[in-house]
Amino acid sequence: MRTSTLIALALPALSSAAALSLEKLLSKHPKLSTFHDLLTQFDLLDDFKGYDNITIVAPTNQAYLDLANWGFNVSEVPAPVARALLTYHVLQGEHTLDSLSSQQQVVHTYLKPPVLTNVTDGAAVKLSRDNSGKIITQSGLGVYGSVEEADIAFTHGVLHTLNSSMVLPHNITLTAEINGLTKFLDLMSEAGLVEEFEALKDVTVFIPQNAALEKLLWLMKLLPKENLASVLKYHVVPNKVLYEAAVEDEEDHETLDGGVVRLSSGRSGDLRVNGVKVLHFMYIKY
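Just add 311 to the spot in the sequence shown (first one is 1) and you have the working numbering.
Here it is as structure tokens:
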């Protein structure tokens with residue numbers, strides 16, 4: 312009995328001893344030398360060592376080469392931007408392949424305010440597992456990536472290698488512009504709300520598509536500035552980052568103009584705002 316107890320107590324220690332430190336893992340892995348060099352260049356290795364129970368999604372050497380060929384060399388960008396981007400690849404909690412499903416899971420990262428995010432809990436990433444059994448990431452601007460090698464253990468968590476660099480979430484203006492939601496942006500500008508909206512923290516913005524706004528644009532143009540501002544503020548829920556998975560059944564939320572918007576989630580997983588189906592969820596946050 313005593314022998315078996317001692318063995319049981321020794322197993323966790325042996326398991327911990329077998330796992331490499333992050334620095335040793337990166338230095339030994341043939342596809343992660345660029346990631347290792349970047350963490351060293353921007354003095355992040357010690358920071359990452361201070362995190363526990365984490366998941367690191369590490370872009371491969373080829374991923375960084377592709378990014379550089381596209382015109383973005385991480386080693387040459389300003390240090391605050393590079394540090395933010397690299398920190399965005401460190402996720403809170405251990406997320407292994409077996410822990411994920413086809414349904415996207417929202418995971419917060421260690422990128423927190425005040426640098427390049429206004430989300431208190433940390434800028435988020437979506438993780439899922441596709442039909443082939445690979446981990447899929449969705450980062451800022453809705454950009455997808457695929458994990459090449461999953462579940463590499465190290466002393467403070469687990470690491471996955473990624474075939475691309477994740478993209479930082481952008482602010483409301485850039486996210487909407489890139490996704491063609493320009494009519495709402497034009498109205499924001501006319502109402503003098505751009506600066507106010509961009510300064511909001513932990514916010515959810517429901518932006519109608521251009522086609523939907525086109526039908527009402529003539530009426531919007533007739534509204535006094537303060538009334539137009541009130542209409543646009545009704546599309547903003549402050550102090551809450553409402554990911555689709557966070558909405559259960561039916562719930563009301565106060566908007567920036569003091570009104571109430573009703574969110575509902577159907578059996579098929581569709582999210583509706585006042586009965587209108589949300590077509591696409593993206594990270595409209597900075």
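The beta-carbon is built from N, C-alpha and C at its ideal position, and this holds for glycine as well.
A straight line joining the alpha-carbon of G433 with that of G404 spans about 12 Å.
Ranked by Cα distance from L543, the first of L553, D497, T398 is D497.
For the alpha helix (DSSP H) assignment, the uninterrupted runs of no fewer than 4 residues enclosed by the stretch 345-384 are, from N- to C-terminal side, 356-360, 372-381. DSSP, reduced to helix, strand and coil, places V542 within a helical segment of the structure shown. Here the stretch 335-355 lies against the stretch 386-395, with 3 or more beta-carbon pairs under 8 Å apart. A393 carries a helical assignment under DSSP once its states are collapsed to helix, strand and coil.
G456 has T448 as its beta-bridge partners, per DSSP. Collapsing the DSSP output to three states places E525 in a helix. With contacts defined as CB atoms closer than 7 Å, K445 and V458 qualify as a contacting pair. Proximity to L331 across P519, D513, V469 peaks at V469, based on C-alpha coordinates. According to the DSSP secondary-structure assignment, S439 is paired through a beta bridge with I447. Check the Cα spacing between Q373 and each of G569, T366, L582, N384: the tightest is with N384.
Of all C-beta pairs linking the stretch 405-414 to the stretch 423-430, fewer than three are shorter than 8 Å, placing the two stretches out of contact. For V505, there is no enclosing beta strand (DSSP E); the residue is part of the alpha helix (DSSP H) that begins and ends at 505-509. Counting C-beta atoms within 10 angstroms of its own C-beta, S450 has 16 or more neighbours from the protein chains shown and is therefore classed as buried.
Around L528, the same chain offers K494 as residues with beta carbons nearer than 8 Å, after the five sequence neighbours per side are excluded.
Counting C-beta atoms within 10 angstroms of its own C-beta, I489 has fewer than 16 neighbours from the protein chains shown and is therefore classed as exposed.
In the structure shown, the three-state DSSP call for I463 is strand. It is roughly 24 Å from the alpha-carbon of L530 to the alpha-carbon of I483.
By the criterion of a C-beta distance shorter than 8 Å, S413 is surrounded in its chain by S439, R440, D441, N442, once the five residues flanking it on both sides are discounted. D513 is the residue among D513, L336, F465 whose C-alpha sits nearest the C-alpha of H419. Comparing alpha carbon positions, the residue from L567, G453, L349 closest to V388 is L349.
I463 and L582 have their C-alpha atoms spaced approximately 35 Å apart. Judged by beta-carbon spacing, V552 lies beyond the 7 Å limit of V478, meaning their Cβ atoms are not closer than that value. With 16 or more neighbouring CB atoms inside 10 Å of its own CB, A540 falls in the buried class.
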